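Residue numbers (my numbering): 29 to 223.
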């Protein structure tokens, strides 16, 4: 497999001499990869296929959930719960290790979210997520009219509560991927059409 490096800074994270191995193929459009340290597996979604899968060195690829509500971004919180952005339901859900699920966010000020896309958890326990309109487009979710007049990035306080805007309304065309700087003084937000 050919690998193209766009920045020499990648060498600070990955040994330039490391072998890159393709571990699985046959997916339509993979999203939301998250490593489960305890179980030693990679969890990911194949969004257009509406399936969640996992890969481990021992078992290869296994189907975990179908339908998956066209899940996208996923992250574990400090308690080991899986937080999942769902395009079909326009919700952010918490899946506990015992299999129970609860909706964390579905509306902003009484209006249905667009389609939560990516999610991160800060060290203080607050949850931040992006909300573009991709999940309301054919193939990526369920085509339906938008209710919100903008695409935003939201924060849910540690301990729960209603989502609040983390960044001013109207700042993004389609906010997508999120990540923090190591000290969490910055949050990086990918606005896909502007990338």
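For each residue, glycine too, the CB sits at the ideal point set by N, CA and C.
As the structure is a prediction and not an experimental result, all values here were calculated from the model.
Beta-carbon contacts of residue 124 that lie in its chain and below 6 Å, excluding the five residues immediately before and after: Once the five neighbours on either side are set aside, the close Cβ partners of residue 124 are 109.
Residue 188 versus residue 219 - alpha carbon distance: C-alpha of residue 188 to C-alpha of residue 219: approximately 26 Å in a straight line.
Buried versus exposed, by CB contacts within 10 Å (16 or more), residue 162: Per the 10 Å Cβ criterion, buried.
Given 8 Å, three or more beta-carbon pairs between the region 160-179 and the region 67-74: The region 160-179 makes no contact with the region 67-74: fewer than 3 CB pairs, one atom from each, lie closer than 8 Å.
Straight-line Cα distance separating residue 216 from residue 139: Going by the C-alpha atoms only, they are around 26 Å apart.
Euclidean distance between Cα positions of residue 135 and residue 84: Cα-Cα distance, rounded: 35 Å.
Environment of residue 69 [buried if 16+ CB atoms lie within 10 Å]: So residue 69 counts as buried.
Among 142, 191, 87, the one whose alpha carbon lies nearest that of residue 173: Comparing Cα-Cα distances from residue 173 to each of 142, 191, 87, the minimum goes to 142.
Same chain, Cβ closer than 6 Å to residue 191, neighbours up to 5 away in sequence not counted: For residue 191, where only same-chain residues beyond five positions count, the Cβ hits under 6 Å are 133, 136, 182, 184.
Identified DSSP bridge partners for residue 217: For residue 217, the beta-bridge partners assigned by DSSP are 206.
Heavy atom of the ligand FMN within 7 Å of residue 210 beta-carbon: No copy of the ligand FMN appears in this structure; indeed no ligand is present at all.
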